[in-house]
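S.K.:
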Amino acid sequence: MTDPTLAAASDYLIWGAIIVLALAMLAFSLHLALTGTARQSRAESRVLVGAGAGSPEAAREADVPPSTPGGSASDPAPSRRWGVIGLQLTWLATFAVVGGTALRALSVSRAPLGNMYEFSLMASAFALVIYSVWSLRKDRLWLGAFVVLPVLVILGAARLWWYTEASQLMPALDNIWLVIHVTVATLSVGLFTIGAALATAYLLKDRAESRGDVRGWLAALPTGQALERMTYGIHIFAFPLWTFALMSGAIWAEQAWGRYWGWDPKETWTFVIWVVYAAYLHARATTGWSARRSTWVAIAGFVCIILNYTVVNLLITGLHSYSGVA
57 MTDPTLAAAS DYLIWGAIIV LALAMLAFSL HLALTGTARQ SRAESRVLVG
107 AGAGSPEAAR EADVPPSTPG GSASDPAPSR RWGVIGLQLT WLATFAVVGG
157 TALRALSVSR APLGNMYEFS LMASAFALVI YSVWSLRKDR LWLGAFVVLP
207 VLVILGAARL WWYTEASQLM PALDNIWLVI HVTVATLSVG LFTIGAALAT
257 AYLLKDRAES RGDVRGWLAA LPTGQALERM TYGIHIFAFP LWTFALMSGA
307 IWAEQAWGRY WGWDPKETWT FVIWVVYAAY LHARATTGWS ARRSTWVAIA
357 GFVCIILNYT VVNLLITGLH SYSGVA
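Residue 332 in our numbering is what sits at position 276 of the sequence shown, and the numbering runs on without skipping anything.
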């Protein structure tokens, strides 16, 4: 039984979330640009202080507050205001995505995990909730643009190309393992999305630092070392969840098809993703690998997730073909 009214309300909320996220992206971008410019100016002022040490003018310049990694109240009011606006818009979009996902579930009286469109809603909701909760505990305004952009792309693609009308599940999917396996998998993807955002920020900042040329919006980011630690930390949390998703999928496969593993394209790529992220964690813990090189392995893992979610779902036929658009 499908409720078209609730399904339509869900669609409106998701469209609204996309619009709000676009505005949040603009606000976060302005925050990065203004904060980076201000910090670069402060850094140049401190250089001038060193050159003119001992003069009354230098003493006044020395009162310029130092740059604080990650954003702080010492940042100029206009830049921080835009960051706060972006964060508030992100919170609003988070409520809209969570509400839209919940209404989608209520419209079909089941978990919203039956097709690519619903997977996209769940993964986006997880990513936004994780960032929103994290931002409540620590100042993470600088990270907003890096999280909002991929979520905006996912939701936009879901609405434009992967949308599926609300409907009931086929019998093969009407199983408790669907809720367990796919929920944990989408939670993992949400975490890996934030991990990829942090990894991208780290690679950009580290490259600028190695050249001694941290300019523009890159000056608004924490140090490369801090970004790398956060990248590692989020993957440490996400990897066991992906491992559980892989194992629970094997258990479900045994119940549904009478075997734990059959090298179905989806199974194979899920395992490939696991191997790549395991390689990243191993490389990160190995002294012979630099942080930069190991982070590129994490980026490769996220590329595998994208390929698994798009190419494998849409173009390759297998036992998991029901997880495509239709």
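We put the beta carbon where it would ideally sit given N, CA and C, even for glycine. Quick caveat, the model's predicted, so the values are computed rather than measured.
If we require 4 or more residues per run, which alpha helix (DSSP H) segments fall completely within the stretch 241-277?
M.R.: Complete alpha helix (DSSP H) runs here, min 4: none at all.
S.K.: Taking only the alpha-carbon atoms, compute the straight-line gap between R166 and W198 and give it to the nearest angstrom.
M.R.: Along the sequence shown, read from residue 1 onward, the residue named residue 166 stands at position 110. Along the sequence shown, read from residue 1 onward, the residue named residue 198 stands at position 142. Their backbone Cα atoms lie some 37 angstroms apart in a straight line.
S.K.: CA-CA distance, E323 and W317?
M.R.: Sequence index remark: in the sequence shown, residue 323 carries index 267 (1-based). Sequence index remark: in the sequence shown, residue 317 carries index 261 (1-based). Going by the C-alpha atoms only, they are around 8 angstroms apart.
S.K.: Just to confirm the assignment, what range does the alpha helix (DSSP H) spanning Q281 have?
M.R.: On the sequence shown, position 225 is the one that residue 281 refers to. Per DSSP, Q281 belongs to the alpha helix (DSSP H) from G280 to W313.
S.K.: Could you have a look at S191 and say whether DSSP puts it in helix, strand or coil?
M.R.: In the sequence shown, the residue the question calls residue 191 occupies position 135. In this structure, S191 counts as helix in the three-state DSSP scheme.
S.K.: I want to know whether the stretch 176-185 touches the stretch 234-250 - three or more CB-CB distances under 8 angstroms.
M.R.: Verdict: yes, contact present.
S.K.: When you compare the stretch 346-364 with the stretch 300-318, are there three or more beta-carbon pairs, one atom per stretch, that lie closer than 8 angstroms?
M.R.: Touching, no, given that fewer than three Cβ pairs across the two stretches are closer than 8 angstroms.
S.K.: Once DSSP output is grouped into helix, strand and coil, what is the label at D67?
M.R.: Here the question's residue 67 lines up with position 11 in the sequence shown. Looking at D67 - three-state DSSP - the assignment turns out to be helix.
S.K.: For the stretch 222-240 against the stretch 262-282, are there 3 or more C-beta pairs whose distance is under 8 angstroms?
M.R.: No, because fewer than three Cβ pairs between the stretch 222-240 and the stretch 262-282 fall closer than 8 angstroms, the two stretches do not touch.
S.K.: Buried or exposed: which applies to A175, given that a residue is buried once 16 or more other Cβ atoms fall within 10 Å of its Cβ?
M.R.: Residue 175 sits at position 119 when you count from the first residue of the sequence shown. As written in the sequence, residue 175 is Phe, which differs from the Ala given in the question. Buried, since its Cβ has 16 or more Cβ neighbours within 10 Å.
S.K.: How far does the alpha helix (DSSP H) with Q144 in it reach, from first residue to last?
M.R.: Residue mapping note: residue 144 aligns to position 88 of the sequence shown, counting from 1. Q144 -> alpha helix (DSSP H) spans A133 to V164.
S.K.: Can R215 and I74 be called in contact, C-beta distance under 9 angstroms?
M.R.: In the sequence shown, residue 215 corresponds to position 159, counting from 1. In the sequence shown, residue 74 corresponds to position 18, counting from 1. Yes. Within cutoff.
S.K.: How would you label M57, buried or exposed, when you count the other beta carbons within 10 angstroms and need 16 or more for buried?
M.R.: As a position in the sequence shown, residue 57 is number 1, starting the count at 1. Label assigned to M57: exposed.
S.K.: Answer with buried or exposed for W391, where buried requires no fewer than 16 other C-beta atoms within 10 angstroms of its C-beta.
M.R.: Outside the displayed range of the chain (57 to 382) lies residue 391, so it cannot be described from this structure.
S.K.: So A335 is in the alpha helix (DSSP H); what residue range does that whole segment cover?
M.R.: To locate residue 335, count along the sequence shown from 1; it is residue 279. Its alpha helix (DSSP H) spans residues P321 to A341.
S.K.: Measure the C-alpha to C-alpha separation of S66 and T220 and round it to an integer number of angstroms.
M.R.: Working through the sequence shown from its first residue, we reach residue 66 at position 10. Working through the sequence shown from its first residue, we reach residue 220 at position 164. Computed Cα separation, rounded: 12 angstroms.
S.K.: Cα separation between R340 and T61?
M.R.: Position 284 of the sequence shown, counted from the start, is the residue given in the question as residue 340. Position 5 of the sequence shown, counted from the start, is the residue given in the question as residue 61. Each residue's Cα considered, the two are about 50 angstroms apart.
S.K.: Measure the CB-CB distance between F84 and V204 and report whether it falls below 9 angstroms.
M.R.: Sequence index remark: in the sequence shown, residue 84 carries index 28 (1-based). Sequence index remark: in the sequence shown, residue 204 carries index 148 (1-based). Yes.
S.K.: Compare the beta carbon distance of A354 and H291 with 9 angstroms and say whether it is the shorter of the two.
M.R.: Here residue 354 refers to the residue found at position 298 when the sequence shown is read from its first residue. Here residue 291 refers to the residue found at position 235 when the sequence shown is read from its first residue. In contact: A354 and H291 (Cβ atoms closer than 9 angstroms).
S.K.: Taking the continuous alpha helix (DSSP H) assigned at G357, which residues delimit it?
M.R.: Here the question's residue 357 lines up with position 301 in the sequence shown. Looking at the DSSP string, the run of the alpha helix (DSSP H) that includes G357 is A347 to L363.
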